[in-house]
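Going down the list, the sequences are from chains D and S. Residue numbering for the first sequence follows this note's numbering, beginning at 5 and increasing consecutively. Residue numbering for the second sequence follows this note's numbering, beginning at 5 and increasing consecutively. Think of the CB as a built atom: it goes at the ideal place given N, C-alpha and C, for glycine as much as any other residue. Quick caveat, the model's predicted, so the values are computed rather than measured. Remarks on the structure that follows.
Number of protein chains: 2
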Amino acid sequence: MNFKLNRLSFSITILFFSVIALAQKNDSIQLRKIYDFYLTESKCYSNLEHLCKKIGPRLSGSKGAEDAVAWAKKAMYEAGADTVILQPCMVPHWVRGKAEQCQLIEKNKSTKLNVTALGSSVGTGEKGIKASIIEVKNFEELEKLGEKNIKGKIVFYNVFFNQAHVKTGSAYGETVKFRSKGASYAAKYGAVATLVRSMTSLADDEPHTGNMNYDTSVSKIKIPSLALSYVAADKLSQAIKNDPTTLVELKCYCETLPDVLSYNVIGQINGSTNKNNYIVAGGHLDAWDNGEGAHDDGAGVVQCMEILRLYKKLGVKPKNNIRAIAFMNEENGLRGGEAYAKFAKENNEKHLAALETDAGGHTPRGFGVDTLNGLYKKVMTWQKLLAPYFADRIGNEGGGADLIALEKLNVPCIGFEPDTQRYFDIHHTKQDTFDKIHKRELELGSAAIGALLYLLDLYY
Amino acid sequence: MNFKLNRLSFSITILFFSVIALAQKNDSIQLRKIYDFYLTESKCYSNLEHLCKKIGPRLSGSKGAEDAVAWAKKAMYEAGADTVILQPCMVPHWVRGKAEQCQLIEKNKSTKLNVTALGSSVGTGEKGIKASIIEVKNFEELEKLGEKNIKGKIVFYNVFFNQAHVKTGSAYGETVKFRSKGASYAAKYGAVATLVRSMTSLADDEPHTGNMNYDTSVSKIKIPSLALSYVAADKLSQAIKNDPTTLVELKCYCETLPDVLSYNVIGQINGSTNKNNYIVAGGHLDAWDNGEGAHDDGAGVVQCMEILRLYKKLGVKPKNNIRAIAFMNEENGLRGGEAYAKFAKENNEKHLAALETDAGGHTPRGFGVDTLNGLYKKVMTWQKLLAPYFADRIGNEGGGADLIALEKLNVPCIGFEPDTQRYFDIHHTKQDTFDKIHKRELELGSAAIGALLYLLDLYY
Chain D
5 MNFKLNRLSF SITILFFSVI ALAQKNDSIQ LRKIYDFYLT ESKCYSNLEH
55 LCKKIGPRLS GSKGAEDAVA WAKKAMYEAG ADTVILQPCM VPHWVRGKAE
105 QCQLIEKNKS TKLNVTALGS SVGTGEKGIK ASIIEVKNFE ELEKLGEKNI
155 KGKIVFYNVF FNQAHVKTGS AYGETVKFRS KGASYAAKYG AVATLVRSMT
205 SLADDEPHTG NMNYDTSVSK IKIPSLALSY VAADKLSQAI KNDPTTLVEL
255 KCYCETLPDV LSYNVIGQIN GSTNKNNYIV AGGHLDAWDN GEGAHDDGAG
305 VVQCMEILRL YKKLGVKPKN NIRAIAFMNE ENGLRGGEAY AKFAKENNEK
355 HLAALETDAG GHTPRGFGVD TLNGLYKKVM TWQKLLAPYF ADRIGNEGGG
405 ADLIALEKLN VPCIGFEPDT QRYFDIHHTK QDTFDKIHKR ELELGSAAIG
455 ALLYLLDLYY
Chain S
5 MNFKLNRLSF SITILFFSVI ALAQKNDSIQ LRKIYDFYLT ESKCYSNLEH
55 LCKKIGPRLS GSKGAEDAVA WAKKAMYEAG ADTVILQPCM VPHWVRGKAE
105 QCQLIEKNKS TKLNVTALGS SVGTGEKGIK ASIIEVKNFE ELEKLGEKNI
155 KGKIVFYNVF FNQAHVKTGS AYGETVKFRS KGASYAAKYG AVATLVRSMT
205 SLADDEPHTG NMNYDTSVSK IKIPSLALSY VAADKLSQAI KNDPTTLVEL
255 KCYCETLPDV LSYNVIGQIN GSTNKNNYIV AGGHLDAWDN GEGAHDDGAG
305 VVQCMEILRL YKKLGVKPKN NIRAIAFMNE ENGLRGGEAY AKFAKENNEK
355 HLAALETDAG GHTPRGFGVD TLNGLYKKVM TWQKLLAPYF ADRIGNEGGG
405 ADLIALEKLN VPCIGFEPDT QRYFDIHHTK QDTFDKIHKR ELELGSAAIG
455 ALLYLLDLYY
C-alpha cells in the first residue's frame, strides 16, 4: 500500500514537473513567435514616424495634442482594437508664446545665452527682467544666502549631472528638483527669476525644458523660470566669476490659459474569460512643444499600441482585457493618469498589472516590477524566457508617472527599462526627433512589452 | 574533543565566509572607484577623436596605419605604460585605387549602383566587365545552376540579414560567407565577377566593404568581387526580375601590392609578483579605408589602452603583467594576432587570459568567456559585482579574431560584448565615423573591461 502510494506520489511529481517543463517550452516557442512578429512585421516604427513628422509637438491643450488624440484613435483601430475609448480629462494649457531671449551683459560685451522657459512658468512680458545673478549649488546654500543676498536678483541653480552614475536617471533624479521647485524657493527670498542648468549628460548648447511648479505654501509670488543650455550655464558661471556684478536680461512670453478638454486614448482587446480583469500598458501621447516627442514619449505610445496588433496576428484571444493606453498630459499635470485611475475605480475594473514605458525607445534592458500581489516574484519566474531577448534585468520597483494614481489603488505596476545612456542627451529639447530612433531598438522594446503582457495574461 | 573540534571547524567556517564577504565588499568598493575613474576622468573618448579625426582610415600597409602605430605608441606611454613594445609583422597591402563604378544597364536607361570593392579583390582594370547577372540565394543554388547557367555572367549573392535575430552578429554570421568565399565558388563555374548584398541591418544606400579570400583549392581564377548597398541590391534584383538580360558594367581598380612591415603596439604595466604571467586586452588598430574606423575598431583600441591609465590612477601595481594591445591587420589578414601568439609562445609568456573588444563601442551587455582553465566559472563568481554596471551578461564562448592564434595555444579568451543593434548599420562603411560614438557608452565599455582585468589580476 505504502509502496503503491509512493509510486503514485512519484508519478504525480514527475507529471507535475513534466507539465511545467512543457509549459516553459511552449512559452519559449510562443515568445520566439512574438519576437518574429515584432522584428519583421510590426508597425511601431512607421507609426512613430507619422506621430513625429505629421503631428510633431503636442503639448496638452495644443492643436498638436488634439490631432494626436484623433490619430491614436484611428491607429488603435487599425492595429486591431476591439474598441477604442476616448477618456475625457481637463488639461492645463500652457503656451510658450514668442521665443525666449537671454542676454549676458558684461562690461564690454553682450552675449546671447540659449535658454528655454520651463513649462508652467509665468512670462516676463515685453518689459523683461534685468538683474544680477546669484549662483547656488543647492537649496541649503540658497537658504544660507537668505533675502539680503538674493532679493532683486536672478537665482542660478548651477548643478551638474553626476556623470559617475551608471543610470542617467539617477543623475536626473538628483537635479530635477531645482527645475521643479527652484522658483518658489528662490521667490521666498525675493528673487526675480530663476535660471537652471539643463538636466543633461551632454555638454552641448541645447536648453532642456520640462515642467516646474509654483508651491504657494513656500511663496505666493510666481517668478519666471528658465533653463540654460549646458554651454550657456558654463558661460554664465564663468562671467559671474569674472565679475559678480554681471547682469542678465531675460524675456519670455509664456502664459497659462484656461484648462482644455482632452483625452486618454485607450485601445482594448476584449478578454475571453475574465471580463472584469485588465492588464494594461501605456505611454504618454503629449510631448513638449519644442521637439517631436520621439523618445519622450512617442516611442512608448507606439510600442504599447503594438500589443493590439500582436493578438490579432497570433489569432488568440487573451483571457483578460488587454489595453494599450496613450495617456494625456504626463508632461505638465498628470491629469490623464489621474482620470484613468478615477475611471477604473468608479467602474470597479480589476487591474492585474499596469505597465508604463516612458524612458525612451532605446535598446531594452528589462523591467522594474512592483512586489505588490506577488507580481515581482511572478515576473522573476520568466527571467529565463526573457534572457534570449536581453530583456531579463528585473528590478523590484515598478511604475511610471502616469501610473502613480493607479498605484495608490494598489495596482501592481511595471516600468519598462531601456538603456538610458542616450536619453537625457535630448530629453525635452528640440533634438528629440524621429531620426534619433533606431528601428530595431524600438521594435525590441515593443516586443519585450508584448512578450511580458502575453505572459501576464497567460498566468493571471 | 569531538565537541571542541566541531567548534573549531564551525569557527573556521565562519571565518572563511567572513573573509569572502569582506573580499566581495572590498571588490565592490574598488569597482565603484574604477567606474568613477572611467566615467569622469578617462581619455578614451578624446583618444578616439584623435585617432578618427587626425589619422582616420588606416588599412594595413597604408600611411594611416603607419601614423596610427606611431600615435598608439605615444598614447600608451602617455596613459602610463611602463614599456611600449612595437611588435613587427609583415602585412598585406591592398589598395582600392580609383573609386569603383557600377552601372545597371536596362533597355531604356542606365542607373548608377552604389558599390564598394571587397578587400583583397582583384580589379577589373580600365576595360571593366560588362555582363548579365545571375542571382542566387545560397551556394546550393549556385551549384545547381552550374557552369551552363553561370559561365560569363556576374553572380549576385542576394542574401538579406535575417532581422528576426536578436543578436545582429548572428545575421552577419549567416551572410558573411557569401562575401568571403563567394568569388571562388562563382569562379569555379565560370563567373566573371561577383556582387554581394551588403551585410547590414539597415535599408540604406551605403555599400559595406570587408575582406574576401580567394580559395585556390576551389578555383585558381581570381575574379573581381564587390558589395552592393542594400538599396542597390534591391534595384538590381528588381531589374533582372523585369528583364533577365539586363546587364551590369563594373569597373574597379583595386590591387594587392607587396607586403609591408607593420606592428602590433603593446603597452605594458609590469606585474609586481608573477613576472612571467600576462593578462591582456586588445582591439585592432587597422581599419577600412572608407571610414574612420570609429566603432570598428578604434573604440576597442582606446577602451583597452585605458587600463594603463587606470593602474596609474589607482596607484596600485598589478600582480601580473597587464597589457593593452593594438593589433595590426585584423581586417584583412590577422597577421598581427598571429605574430602576437608566435612571440608569446617563443618567449614562454604565460597568458592567464586574453580579451578582445571588436564589436563596437556601444552600451555594454557583458562578456563571452572561454570555459578553458575554469575562466568562465571564475568570471561567473563576479557577476554580482558587475551587475550594478549592466555588464554582467556572461556567455560561455569567448574570443575575437585577433585571439584565434592565442586560443590555439590554449589561452582562455574573452570577448567584450556591447549591445549590437546599431553596429552593422555602419560596419565597414564610410559612416563608421566618430560622431557615431556615444561618450558614456564608450566609457562604460572601457570601464567594464578595466573592471574585469582588475578582478582577473586580483584572483589569478
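Within-8 angstroms CB hit, residue i to chain S
i: D/Glu445; result: yes
i: D/Tyr393; result: yes
i: D/Thr361; result: no
i: D/Ser46; result: no
i: D/Arg62; result: no
i: D/Ala455; result: no
i: D/Leu43; result: yes
i: D/Met5; result: No answer about D/Met5 holds up, because its pLDDT of 48 lies below 50 and its placement is not dependable.
i: D/Ile16; result: no
DSSP three-state assignment for residue i, whether helix, strand or coil
i: S/Ile382; result: It should be pointed out that residue 382 of chain S corresponds to Lys in this sequence rather than to Ile. It is helical.
i: S/Gln167; result: coil
i: S/Arg327; result: strand
i: S/Glu144; result: helix
i: D/Trp98; result: strand
i: D/Ile158; result: strand
i: D/His54; result: helix
i: D/Asn112; result: coil
i: D/Pro262; result: strand
i: S/Thr198; result: strand
i: D/Thr213; result: coil
i: D/Asn268; result: strand
i: S/Gln105; result: strand
i: D/Ala303; result: helix
i: S/Thr87; result: strand
i: D/Ser136; result: strand
i: D/Arg426; result: coil
i: D/Lys434; result: coil
i: S/Lys354; result: strand
Contact with chain D by residue i, beta-carbon distance below 8 angstroms
i: S/His442; result: yes
i: S/Tyr39; result: yes
i: S/Arg339; result: no
i: S/Gly449; result: no
i: S/Ala27; result: no
i: S/Gln272; result: no
i: S/Ser205; result: yes
i: S/Val170; result: yes
i: S/Thr198; result: no
Whole-angstrom distance between residue j and residue i, CA atom to CA atom
i: S/Asn215; j: S/Glu130; result: 22 angstroms
i: D/Glu310; j: D/Ala328; result: 8 angstroms
i: S/Pro416; j: S/Thr375; result: 7 angstroms
i: D/Lys116; j: D/Asp71; result: 35 angstroms
i: S/Ser22; j: S/Cys48; result: 38 angstroms
i: S/Ile16; j: D/Leu389; result: 40 angstroms
i: D/Ala298; j: D/Pro211; result: 17 angstroms
i: D/Ser241; j: S/Leu379; result: 51 angstroms
i: D/Gln167; j: S/Thr44; result: 6 angstroms
i: S/Asn280; j: S/Asn324; result: 8 angstroms
Cross-strand partners of residue i (DSSP beta bridge)
i: D/Gly419; result: D/Glu360 and D/Gly372
i: D/Cys466; result: In this structure chain D extends from 5 to 464, so residue 466 of chain D is not present and cannot be described.
i: S/Val119; result: S/Leu232
i: D/Arg62; result: D/Ala291
Residue interval of the beta strand (DSSP E) (run including residue i)
i: D/Asn281; result: Asn278 to His288
i: S/Arg397; result: Arg397 to Gly399
i: D/Glu253; result: Leu251 to Lys255
Run of the alpha helix (DSSP H) containing residue i, from where it starts to where it stops
i: S/Leu226; result: A small correction: the amino acid at residue 226 of chain S is Lys; Leu does not occupy that position in the sequence shown. Per DSSP, S/Lys226 belongs to no alpha helix (DSSP H) and is neither H nor E.
i: S/Leu460; result: Lys443 to Tyr463
i: S/Tyr344; result: Arg339 to Glu350
i: S/Lys440; result: First-last for S/Lys440: undefined, no H or E at that position.
i: D/Ile409; result: Note that residue 409 of chain D is Ala in the sequence shown here, rather than Ile. Ile408 to Lys412 is the extent of the alpha helix (DSSP H) around D/Ala409.
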